[in-house]
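Colleague: Sequential numbering of the sequence shown, starting at 1, is according to UniProt numbering.
Think of the CB as a built atom: it goes at the ideal place given N, C-alpha and C, for glycine as much as any other residue.
In this text, all values refer to a predicted model and were calculated from it rather than measured experimentally.
For reference, the structure I am asking about is given below.
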Amino acid sequence: MKNSILINKKSILNYYKTTVATTHKGIQGHSLLIGGSYGKMGSICLSSKAAIKSGCGLVTAFIPECGYNIVQISIPEVMVLTDVSNKFITKINFDFEPQAIGIGPGLGTESKTQIALCDFLKVNLNPMVIDADALNILGLNPSWLSLLQPKTICTPHLKELERLIGKWNSETEKIAKTIAFSKKYNVIIVLKGAPTLIIDNETIYENTSGNAALATAGSGDVLTGIITSLLAQSYDPLQAAILGVYIHGLTSDIALPETGYQSFIASDIINYLDKAFLSLEEYQK
Ligand SMILES: NC(=O)C1=CN([C@@H]2O[C@H](COP(=O)(O)OP(=O)(O)OC[C@H]3O[C@@H](n4cnc5c(N)ncnc54)[C@H](O)[C@@H]3O)[C@@H](O)[C@H]2O)[C@@H](O)CC1
Ligand SMILES: Nc1ncnc2c1ncn2[C@@H]1O[C@H](COP(=O)(O)OP(=O)(O)O)[C@@H](O)[C@H]1O
Ligand SMILES: [Mg+2]
């Protein structure tokens with residue numbers, strides 16, 4: 001895309017942080033992933049697992065009650081807090097200070113969930129990634145967008161973007177409207193697609209990793225977990241968004257010769273995160 005800054009390994013390595021020998025889980029960052037609803041608990045499992053596989057020290061998932069066994073059994077490394085309600089979230093409540101929050105995968109748009117999101121946005125000061133149904137709820141209640149903290153990261157696919165900014169008649173208009181949205185609310189937009197663009201105010205970054213194997217259910221849920229984990233590890237929001245999008249794509253580039261397009265699934269993004277991070281470290285040497 002014209003006027004965009006390309007994201008590649010070289011640019012990432014300007015700020016990529018290797019792990020310090022003396023670190024411990026208490027200072028590696030605690031991510032909180034909020035989402036899930038009856039039938040969509042897999043989404044928050046994917047986000048939470050991606051977060052713990054991306055380097056933060058601790059991950060907690062906040063989910064409706066019906067997901068308790070599902071998340072605990074799927075990912076023993078992740079701690080779980082449950083809502084009072086069984087099938088969807090009605091009140092967001094936790095008793096610790098996360099370094100970053102990712103909200104939206106599988107959340108649903110029940111009216112009580114909408115109110116819970118609004119009440120939460122009124123008090124939250126933590127760095128945050130907003131995805132999926134949390135974006136859809138904001139699309140339904142645009143006045144709540146002003147509650148977002150500066151540099152909140154929004155990760156819409158095209159349909160979610162349309163729910164936020166309305167329809168467009170050309171690619172140029174789509175980008176202009178997205179830039180205007182980013183400026184108005186002072187948020188970073190990760191516009192997911194092929195390629196993914198990251199729009200921060202008037203600056204546009206274009207990702208160069210990734211391929212069509214990523215066109216599979218849960219790919220975006222995994223991205224939310226990765227970016228949240230990086231935010232929790234004290235990357236600034238723009239760096240977390242750029243590194244997260246790049247490493248997410250890189251997993252599919254490394255996997256492709258082994259999995260092909262058809263059989264690559266969202267869990268494979270998580271499975272290949274180790275090789276993707278290692279390839280950054282190799283390049284750095
Ligand atoms: N295993 C799970 O539990 C999963 C749960 N999911 C959750 O399901 C809920 C609904 O999300 P969905 O995104 O599926 O549904 P949406 O209704 O938000 O989006 C689907 C619509 O958007 C269009 N669309 C998506 N990406 C597009 C693109 N790049 N270009 C053009 N059109 C595009 C599709 O054609 C379709 O019409 C979310 O909460 C999500 O997190 C999904 O992530 C899938 C996996
Ligand atoms: N053809 C493609 N090429 C590259 N990346 C893709 C392609 N299709 C999808 N992706 C990526 O996969 C992810 C899909 O996210 P999303 O639509 O939110 O999935 P889900 O909601 O099922 O988790 C995004 O990161 C997007 O950029
Ligand atoms: Mg999604």
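May I ask which residues mark the beginning and end of the beta strand (DSSP E) holding leucine 6?
Modeller: Taken as a continuous stretch (DSSP letters only), the beta strand (DSSP E) holding leucine 6 covers 4-7.
Colleague: Please look up how many angstroms separate the CB atoms of threonine 216 and alanine 255, rounded, as I've assumed it's under 8 angstroms.
Modeller: Contact flag wrong, Cβ pair sits at about 12 angstroms.
Colleague: Would glycine 106 and lysine 192 qualify as a contact pair, given that the criterion is a beta-carbon distance under 8 angstroms?
Modeller: Contact: no.
Colleague: Identify whether asparagine 207 lies in helix, strand or coil by the three-state DSSP scheme.
Modeller: DSSP places asparagine 207 in strand when its eight states are reduced to three.
Colleague: Would you call lysine 136 buried or exposed, if buried means 16 or more other Cβ atoms sit within 10 Å of its Cβ?
Modeller: According to the sequence shown, residue 136 is asparagine rather than lysine. Per the 10 Å Cβ criterion, buried.
Colleague: If you drop the 5 nearest sequence neighbours on each side, which residues of the same chain put their C-beta closer than 7 angstroms to that of leucine 32?
Modeller: Closer than 7 angstroms at Cβ, skipping near neighbours: Thr60, Phe62, Phe94, Pro98 and Ile101.
Colleague: Leaving aside the five residues before and after glutamate 202 along the sequence, list all residues of the same chain whose C-beta is less than 6 angstroms from its C-beta, in chain order.
Modeller: Cβ within range, chain order: Ile179.
Colleague: When you compare the segment 67-85 with the segment 43-52, are there three or more beta-carbon pairs, one atom per stretch, that lie closer than 8 angstroms?
Modeller: Yes, they touch.
Colleague: Sorry if obvious, but does the Cβ on aspartate 221 come closer than 7 angstroms to a heavy atom of ligand 3?
Modeller: Yes - ligand 3 has a heavy atom lying nearer than 7 angstroms to the Cβ of aspartate 221.
Colleague: Evaluate contact between the segment 112-119 and the segment 141-158, counting only Cβ atoms and requiring at least three cross-stretch pairs below 8 angstroms.
Modeller: Yes: the two stretches touch, three or more of their Cβ pairs being nearer than 8 angstroms.
Colleague: Beta-carbon separation of leucine 243 and alanine 276 under 8 angstroms?
Modeller: No, Cβ-Cβ distance for leucine 243 and alanine 276 is not below 8 angstroms.
Colleague: Out of Ser252, Asp253 and Ile198, state which residue places its alpha-carbon closest to the alpha-carbon of residue 318.
Modeller: Since the first residue of the chain shown is 1 and the last is 285, residue 318 is not available in this structure.
Colleague: Thinking just about the alpha-carbon of each residue, which of Glu206, Thr109 and Ala176 is nearest to the one in serine 4?
Modeller: Cα-wise, what sits closest to serine 4 is Glu206.
Colleague: So, are the CB atoms of tyrosine 283 and leucine 13 less than 8 angstroms apart?
Modeller: Yes; because the gap between Cβ atoms is below 8 angstroms, this pair is in contact.
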